[in-house]
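> Residue numbers (our numbering): 686 to 1368.
Got a structure for you, written out below as structure tokens; questions coming shortly.
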């Protein structure tokens, strides 16, 4: 078996090394090398006419001879001396460390490459130092966790060989840097990279910055100054240079193309041309598309958003299940879950109006208790987390206390009451999802979890609104809704109003609201009084979204203020909504157009009709394999700028895309009415 092929020789070596002398050690190691056919495999690995590989093979021959000489020495000197295996291994390592290994330059003009701590330059005329970046050369040293520097010094003074202290190692690194910078007799070239493979920016090392300051950057040459053909020194690098610039239409690219097309790289060039040909991505066989996506699709709202941002991106993510490798951390995995859990538990325990009866200190104490419970229940032993993670988790309790205070204030004046927190929209739950079906029988449903559902019963009608806690800013956009983006809350509201049971049965769509569950910090002027600070806080926690244009509904969300105006005929009374909690504001002339996001019942029905059509079109397109790389966004913001699959589709800025301009409310609904009812208002 493969296990025995690799482990068998190692087990034989382990057995042979037990209670042996120098001769036994040398014999055991040599027998192991023979058993694994080390020398034959080295020869086979570099059996080629490549001059570089011939040089490596010669070095391997030298290394083999040195190894055999060392084993012979140990067999002769330590014959009859039985030592523990670890001591024999240490002597073997020390022996390897004393071996001189290298090659004598064949000519006077030869390039020698090595690391700064190992290379021994012999008065070179020209030196190139690569990687002159901060934290890389010299490297950023860290204290070893096992021994402190003081303990390390005492061990060294006692004759125990151990690695140098951080300070001593830093001295060595400075010496290596000095040697590298002063070795050249004629010319010195220093190079540093601007970024890493993951895109993170890099800075030059301090000594290089100092050199640039002293020379006023007269000696600085940037990559863009080197020219297009700087790296094209042979056929391989010429091909790589052409690949990087293939889309450019100029004489240099044409010349490179002519040079390569008849060479060994000509076939690779044909493959490159085939890859770069403009074509619409599609699954040609609908049967394959239906097997991939299914005839019954259950999607999340984020999948819907990805599809309408770019169908090909959805195909990569949901169809092929491709995922970008990311390091798991506190912020991306658990912080949002913890905050949602905390808010849900507090609302369910105390009710909406009950939160208003708790002081800020009580809210914080309750939040701290829930955080500790969550950490123990969901993350196991919280004390084993890194201190930074523990601090970040526990700091959420203070943030949550301010959010809960705002919720208490809002509920204390509202007629809406929370009915559900963390309500699942899926089959078997109180609210199953709406099923969208195409003419061919392809079914699609959107499942997810609603952060909160509030209800109000007034004048014989039952109103339902959905609330989404957002740690980042988000607002409702008629433009995004029209093009199928950020439909999550509207999809949930549609399912609640059509499929809700019990206290949600027959509910009127009161709206969708985004609650800014943000940090409690504020930016105010130093001279601001408490009133200005409170106003700033209200603005920060004001909800955004879309509200039903219905007085009962609006007044139920935010209690209107009575305004008395004196007139010649006496006085008049008006009830005005200030817009402290919801995105609605009224004036003496009616609803404030620019500061109110409202939709009538007829417009709500039109929105739901549009969503049905969008979902049906999506299901039909996927079932027919239409997965075109067609990004959709505004002129200034396209999804390609942050898409993890851009390297797959190779979409360029000049390629086809959907660019939409901002739509006003009137334009949006006029377009929807025209689309679904025609000019005469007939369906």
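Ideal Cβ positions, reconstructed from N, Cα and C, are used throughout, including at glycine.
Just so we're clear, the structure is a prediction, and the values are computed from it rather than from any experiment.
Using 8 angstroms for Cβ pairs, my map puts residue 1316 next to residue 1131. What's the rounded Cβ distance?
Along the chain shown, read from residue 1 onward, the residue named residue 1316 stands at position 631. Along the chain shown, read from residue 1 onward, the residue named residue 1131 stands at position 446. Not confirmed; about 22 angstroms, so no contact.
> Return the residue from the list 916, 931, 1100 and 1039 that minimises the CA-CA distance to residue 1237.
As a first step, residue 1237 must be located in the chain shown, where it is residue number 552. The option with the nearest alpha carbon to residue 1237 is 1100.
> Roughly how many whole angstroms lie between the Cα atoms of residue 824 and residue 858?
Position 139 of the chain shown holds residue 824. Position 173 of the chain shown holds residue 858. Distance between the alpha carbons of residue 824 and residue 858: 8 angstroms.
> Would residue 1167 and residue 1282 be called neighbours here (beta carbons separated by less than 8 angstroms)?
In the chain shown, residue 1167 corresponds to position 482, counting from 1. In the chain shown, residue 1282 corresponds to position 597, counting from 1. Going by C-beta atoms, residue 1167 is not nearer than 8 angstroms to residue 1282.
> Excluding five sequence neighbours on each side, which residues of the same chain lie with their C-beta closer than 8 angstroms to the C-beta of residue 1365?
To locate residue 1365, count along the chain shown from 1; it is residue 680. Note that residue 1365 scores 45 on pLDDT, short of 50, meaning its location in the model is unreliable and no value can be drawn from it.
> Between the C-alpha atoms of residue 1323 and residue 1329, what's the straight-line distance to the nearest angstrom?
Against the chain shown, residue 1323 aligns to sequence position 638. Against the chain shown, residue 1329 aligns to sequence position 644. In a straight line, the C-alpha of residue 1323 is about 13 angstroms away from that of residue 1329.
> Identify the continuous beta strand (DSSP E) that holds residue 945 and give its terminal residues.
For the purposes of this step, residue 945 is identified with residue 260 of the chain shown, where counting begins at 1. Where residue 945 is concerned, there is no enclosing beta strand (DSSP E), although the alpha helix (DSSP H) it sits in stretches over 936 to 946.
> For residue 880, which residues in the same chain have their Cβ closer than 8 angstroms to its Cβ, ignoring the five residues on either side in sequence?
Start at 1 with the first residue of the chain shown, and residue 880 comes out as number 195. The answer, listed in chain order, is 886 and 887.
> Under the rule that 16 or more other beta-carbon atoms within 10 Å means buried, what is residue 720, buried or exposed?
Residue 720 sits at position 35 when you count from the first residue of the chain shown. That one is exposed.
> Give the list of continuous beta strand (DSSP E) stretches no shorter than 3 residues that lie fully inside the stretch 687 to 714.
You should have found no qualifying run.
> Taking buried to mean at least 16 other C-beta atoms within 10 Å of its own C-beta, is residue 837 buried or exposed?
Numbered from its first residue, the chain shown carries residue 837 at position 152. Buried, because 16 or more other Cβ atoms sit within 10 Å of the Cβ of residue 837.
> How far does the alpha helix (DSSP H) with residue 996 in it extend, from its first residue to its last?
The residue you call residue 996 lines up with position 311 of the chain shown. Per DSSP, residue 996 belongs to the alpha helix (DSSP H) from 996 to 999.
> Are the beta-carbon atoms belonging to residue 1106 and residue 1032 less than 8 angstroms from one another?
Against the chain shown, residue 1106 aligns to sequence position 421. Against the chain shown, residue 1032 aligns to sequence position 347. A contact, by the Cβ cut-off of 8 angstroms.
> According to DSSP, is residue 1104 helix, strand or coil?
As a working note, residue 1104 is residue 419 in the chain shown. It is a strand residue.
> For residue 1285, is the classification buried or exposed, using 16 other Cβ atoms within 10 angstroms of its Cβ as the cut-off for buried?
In the chain shown, counting from the first residue as 1, residue 1285 sits at position 600. The residue is exposed, with fewer than 16 neighbouring Cβ atoms inside 10 Å.
> So residue 1003 and residue 1127 are in contact, right, with Cβ under 8 angstroms, and what is the actual spacing, rounded?
Working through the chain shown from its first residue, we reach residue 1003 at position 318. Working through the chain shown from its first residue, we reach residue 1127 at position 442. Contact doesn't hold; Cβ gap of about 15 angstroms is too wide.
> For the stretch 1133 to 1149 against the stretch 1332 to 1342, do three or more pairs of beta-carbon atoms, one drawn from each stretch, fall closer than 8 angstroms, so that the two count as touching?
Not touching, per the Cβ criterion.
> Okay, do the stretch 1166 to 1186 and the stretch 1292 to 1302 touch, 3+ Cβ pairs below 8 angstroms being the bar?
Cβ pair count under 8 angstroms is three or more, so yes.
> What number of angstroms, rounded off, separates the C-alpha of residue 755 from the C-alpha of residue 699?
Residue 755 sits at position 70 when you count from the first residue of the chain shown. Residue 699 sits at position 14 when you count from the first residue of the chain shown. Going from the Cα of residue 755 to the Cα of residue 699 covers about 20 angstroms.
> With DSSP run on the structure shown, which of helix, strand or coil describes residue 1013?
Indexing the chain shown from 1 puts residue 1013 at position 328. Reliability fails at residue 1013, whose pLDDT of 44 lies under 50, so the model's placement of it is uncertain and no value is given.
> Going by DSSP, which residues form a beta bridge with residue 1154?
For this step, residue 1154 is matched to residue 469 along the chain shown. For residue 1154, which the question treats as bridged, DSSP gives the partners 1200.
> Could you check what DSSP says for residue 1330 in three-state terms: helix, strand or coil?
On the chain shown, residue 1330 is found 645 positions in, with the first residue counted as 1. Three-state DSSP puts residue 1330 in coil, outside helix and strand.
> Ignore the nearest five residues each way along the sequence and tell me which others in residue 773's own chain have a CB closer than 6 angstroms to its CB.
Along the chain shown, one-based indexing puts residue 773 at 88. These residues qualify, in order along the chain: 710.
> State buried or exposed for residue 1045, treating a residue as buried only when at least 16 other CB atoms are found within 10 Å of its CB.
Residue numbering aside, residue 1045 sits at position 360 when the chain shown is read from its first letter. Residue 1045 comes out exposed.
> Does residue 764 come out as helix, strand or coil in the three-state DSSP assignment?
Position 79 of the chain shown, counting from 1, holds the residue named residue 764. Note: residue 764 maps to coil in three-state DSSP.
> Grab me the residues of residue 1305's own chain with a C-beta within less than 6 angstroms of its C-beta, minus the 5 sequence neighbours each way, in chain order.
Reading the chain shown from its first residue, position 620 is the one you call residue 1305. 1123, listed in sequence order.
> Go ahead and label residue 1013 buried or exposed: buried means 16 or more other beta carbons lie within 10 angstroms of its beta carbon, across all protein chains shown.
For this step, residue 1013 is matched to residue 328 along the chain shown. Unreliable positioning characterises residue 1013 in this predicted model, as indicated by a pLDDT of 44, which lies under 50. The coordinate reading is nonetheless provided below. By the 10 Å Cβ count, residue 1013 comes out exposed.
> Spell out the partners DSSP gives residue 1144 in its beta bridges.
For this step, residue 1144 is matched to residue 459 along the chain shown. According to DSSP, which records beta bridges pairwise, residue 1144 is partnered with nothing at all.
> For a quick check, are the C-beta atoms of residue 1085 and residue 1024 less than 8 angstroms apart?
Here residue 1085 refers to the residue found at position 400 of the chain shown. Here residue 1024 refers to the residue found at position 339 of the chain shown. In this structure, residue 1024 lies closer than 8 angstroms to residue 1085 by Cβ.
> Provide the residue span of the alpha helix (DSSP H) that contains residue 1265, from first to last.
Position 580 of the chain shown, counted from the start, is the residue given in the question as residue 1265. Per DSSP, residue 1265 belongs to no alpha helix (DSSP H) and is neither H nor E.
> Label residue 945 either buried or exposed according to how many other C-beta atoms from any shown protein chain fall within 10 Å of its C-beta, with 16 as the threshold for buried.
As a first step, residue 945 must be located in the chain shown, where it is residue number 260. Looking at its Cβ environment, which holds 16 or more other Cβ atoms inside 10 Å, residue 945 is buried.
> Have a look at the DSSP bridge pairing and note the partners of residue 1110.
Numbered from its first residue, the chain shown carries residue 1110 at position 425. BP columns for residue 1110 point to 1116 and 1133.
> Would residue 1118 pass as a contact of residue 1186 if the rule is Cβ separation under 8 angstroms?
As a first step, residue 1118 must be located in the chain shown, where it is residue number 433. As a first step, residue 1186 must be located in the chain shown, where it is residue number 501. Contact: no.
> Given a cut-off of 8 angstroms on the beta-carbon distance, is the pair residue 914 and residue 938 in contact?
As a working note, residue 914 is residue 229 in the chain shown. As a working note, residue 938 is residue 253 in the chain shown. Contact flag unset, no.
> In terms of residues, what are the limits of the beta strand (DSSP E) holding residue 1348?
One-based indexing of the chain shown puts residue 1348 at position 663. Residue 1348 -> no beta strand (DSSP E), and no H or E assigned at all.
> Tell me the residue span of the alpha helix (DSSP H) that contains residue 874.
Indexing the chain shown from 1 puts residue 874 at position 189. Looking at the DSSP string, residue 874 is not in any alpha helix (DSSP H); the run it does join, the beta strand (DSSP E), is 872 to 875.
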